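Numbering (my numbering), first residue to last: 288 to 688. Take a look at the structure set out below.
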Amino acid sequence: MDLIAHVQTRLDALAAQGLTRRRRTAETPCAPRQTVDGRPMLAFCSNDYLGLAAHPQVVQALREGADLYGAGSGASHLVSGHSRAHALLEEALAAFEAPHLVEAQALYFCTGYMANLATLTALGALGANSSDAMIFSEALNHASLIDGARLARGGVSVYPHGDVAALEAQLRASPASTKIVVTDSVFSMDGDLAPLPALLRACERHGAWLVVDDAHGFGVLGENGRGALEHFDLRSPNLVYVGTLGKAAGVGGAFVAAHRSVIDLLVQRARPYIYTTAAPPALAHALLASLAIIQGEEGRARRAHLSTLIAQLSSELRLQRWQRPLSPTAIQPLIIGANDEAMQVAARLHEQGLWVPAIRPPTVAPGTARLRVTLSAAHTRQDVAQLAAALNQLELERTPA
Ligand SMILES: *Cc1c(COP(=O)(O)O)cnc(C)c1O
C-alpha cells in the first residue's frame, strides 16, 4: 500500500465511527457574538471566562507591546529571547501567587501544554534513577498531564477520580524516593473541583509534591482571582502551581509558580522550557494588562457577574432526561449519553445560531457524550436565558411522551 493510501485508510476508519472532527473558522474576535463560517452565532464554547480575549485594554497593551518589543523574541529564553516584558510578567505572577507558596517564583511558558510537560519531566528526573520517581495521576487529568507523565519515564500510577483514600493507599505503598501527585483543579469536561485540601494533607504526610493544574481556575476562582489555591486557602512548600494564560487571562501562554528552587530546576533542566523560542514579548506585555484587570475592581465585578450567570443557568434549566452533574464553575456539562443524540442536539442548536460543542468519547467516558456549555463574564443574562430556553425546548421535543 502506498503511504498516502495508508493515511487515508486510517481517516476512513475514523469517519466510519463518526469520529471525524472538523474546525469552524471564526472571522471575528473571541466573544459571545461571533461570526463563524460567515454566520452570526451566540457562542458558549470558549474558555475566555472573564471576557478578556478581546478586552480593549488588553488589545491596546498588545499593540503597545509590539511597539516596545517588536513581533518576535528571536531566540529561546536561555540564549537571547528573554525580554524585560517576560521578566516583569514573571515578577507580577510570583507576587500574585505568593500568599499560597513559600519563596514564590514564577516562570512563563509558551503554552500550558509545555508547562505541564516541563514540570512533570523535571520533577520526575529528581529520582536517583528513572524508576525511582513515581507520578500519581488523577484519572480525569488533562491530556497534557498524561503526556507529561509518560515523557517523565518514571512510574505512573493512576488514582480514581476524586478518591483521596485510594491515592493515600498508593502513596503509602510506594517505595519511590520522589513522589509527585498531579491533578487538574477544575476538571475540564465536568467542571467539578479536585479535593485539594485533602490532597495536600496526603502529600504533606507522605513527602510528596502536589502539582496543581489550574487552567480553568486561574483568574476565576478565589476572591482576588488567584485561582484554586486561594479558593481553598492553601499554602505549602509542597505545592507546584500551573496557571494557564490563554483562558481567563485572555491571551496565551502559561506559568509555573513554586518555591524558587523548583523554578530554578525548571530553568536548568526542563527541555520544553530550554529548547523552544520564547513567546513574543508583546504577549507578556498584554498579560500584564490582563493581570491588572484580574486583580482589580473590574476583575472582581466580572467574577461576580459570571457567578450570577452560572446560578441563572442552573435555575432556568428544566431538564428531565439529560443529566446535569453539579458544577460550581463556568464549565457546565449536560450529559446526553449517546454520541448521535449529542451530535444531533448540537446541530439543532447550531441551526438556531447557538454554538455549543458536543464532546464524545474518547475525550469523555463511553455513554457520557455531552454538551459542554462554557459561560463567560462577557455573556449577558439574555444570552443565558436564550440558551436555557433552547435547551429546555430541545429536550422536550426529543423525549418520547
Ligand atoms: C487548556 C488546558 C491545558 C493546556 O493549556 P494551553 O495553554 O492551552 O496549552 C492544560 N491543562 C488543562 C486542564 C487545560 O484545560
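For every residue, glycine included, the Cβ atom is placed at its ideal position computed from N, Cα and C. On a predicted model such as this, the values are computed, not experimentally measured, just so you know.
Continuous beta strand (DSSP E) stretch holding SER594: start and end: Within the sequence shown, the letter at position 307 stands for residue 594. First-last for SER594: 584-603, but that is the alpha helix (DSSP H), not the beta strand (DSSP E).
Which word fits ARG459, buried or exposed, when buried means at least 16 other C-beta atoms lie within 10 angstroms of its C-beta? As a working mapping, residue 459 is identified with position 172 in the sequence shown. So ARG459 ends up on the exposed side.
Considering just the uninterrupted stretch of the beta strand (DSSP E) at TYR528, what are its terminal residues? Here the question's residue 528 lines up with position 241 in the sequence shown. First-last of the beta strand (DSSP E) with TYR528: 526-531.
Check: THR398 C-beta below 7 Å from any heavy atom of ligand 1: Translated into the one-based positions of the sequence shown, residue 398 becomes position 111. Yes.
Determine the extent of the alpha helix (DSSP H) in which GLY624 is found, giving its start and end residues. As a position in the sequence shown, residue 624 is number 337, starting the count at 1. Unbroken run through GLY624 is the beta strand (DSSP E), 618-624; no alpha helix (DSSP H).
Separation of SER548 from ASN416, as counted between CA atoms: Position 129 of the sequence shown, counted from the first residue, corresponds to residue 416. Position 261 of the sequence shown, counted from the first residue, corresponds to residue 548. When rounded, the distance between both Cα atoms is 20 Å.
Would the C-beta of ASN403 count as close to ligand 1, meaning under 7 Å from any of its heavy atoms? In the sequence shown, counting from the first residue as 1, residue 403 sits at position 116. Correct: ASN403 has its Cβ closer than 7 Å to ligand 1.
Do ALA569 and ALA353 have their beta-carbon atoms positioned less than 8 Å apart in this structure? Counting from 1 along the sequence shown, the entry for residue 353 is found at position 66. Counting from 1 along the sequence shown, the entry for residue 569 is found at position 282. Against a cut-off of 8 Å, the Cβ pair of ALA569 and ALA353 comes out as a contact.
Which residue or residues does DSSP assign as beta-bridge partners of PHE396? Residue mapping note: residue 396 aligns to position 109 of the sequence shown, counting from 1. Beta-bridge pairing links PHE396 to ALA541.
Would you check whether ligand 1 has a heavy atom nearer than 7 Å to the C-beta of HIS448? On the sequence shown, residue 448 is found 161 positions in, with the first residue counted as 1. No, Cβ of HIS448 sits at least 7 Å from all heavy atoms of ligand 1.
May I ask you to list the residues that DSSP assigns as paired with GLY327? One-based indexing of the sequence shown puts residue 327 at position 40. As written in the sequence, residue 327 is Pro, which differs from the Gly given in the question. In the DSSP output, where bridge partners are listed per residue, PRO327 has THR322.
Sequence-distant residues of the same chain with beta carbon closer than 7 Å to SER614, five excluded per side: For the purposes of this step, residue 614 is identified with residue 327 of the sequence shown, where counting begins at 1. These residues qualify, in order along the chain: ASP477, GLY478, ASP479 and PRO620.
Beta carbon of LEU404 nearer than 8 Å to that of GLY435: As a position in the sequence shown, residue 404 is number 117, starting the count at 1. As a position in the sequence shown, residue 435 is number 148, starting the count at 1. Cβ distance < 8 Å, so LEU404 and GLY435 count as in contact.
Leaving out five residues before and five after ALA664 in sequence, what residues of the same chain have Cβ atoms less than 6 Å from its Cβ? Position 377 of the sequence shown, counted from the start, is the residue given in the question as residue 664. Answer for ALA664: LEU337, GLY338, ARG589, HIS592 and LEU593, listed in chain order.
Skipping 5 residues on each side, what residues in its chain have a beta carbon closer than 7 Å to that of CYS397? One-based indexing of the sequence shown puts residue 397 at position 110. If we look at CYS397 and ignore the five residues flanking it on each side, its Cβ neighbours are GLY540, THR563 and ALA566.
Whole-Å CB distance - GLY411 paired with ARG440, under 8 Å assumed: Counting from one through the sequence shown, the residue named residue 411 turns up at place 124. Counting from one through the sequence shown, the residue named residue 440 turns up at place 153. About 7 Å separates the two Cβ atoms, so the contact holds.
Residue of HIS503, PHE519 and ALA502 minimising C-alpha distance to GLU510: Numbered from its first residue, the sequence shown carries residue 510 at position 223. Per the Cα distances, PHE519.
Give the C-beta separation of HIS666 and LEU596 to the nearest angstrom, bearing in mind that I take them to be a contact with Cβ-Cβ under 8 Å. Counted from its first residue, the sequence shown places residue 666 at position 379. Counted from its first residue, the sequence shown places residue 596 at position 309. Confirmed, about 6 Å.
What are the boundary residues of the alpha helix (DSSP H) that LEU454 is part of? One-based indexing of the sequence shown puts residue 454 at position 167. LEU454 -> alpha helix (DSSP H) spans 451-460.
Closest by C-alpha distance to LEU606, when choosing among MET421, THR406 and ILE622: By one-based count along the sequence shown, residue 606 stands at place 319. For LEU606, the nearest C-alpha among the options comes from ILE622.
How about TYR400 and GLU377: are their beta carbons less than 8 Å apart? Position 113 of the sequence shown, counted from the first residue, corresponds to residue 400. Position 90 of the sequence shown, counted from the first residue, corresponds to residue 377. No, the Cβ-Cβ distance between TYR400 and GLU377 is not below 8 Å.
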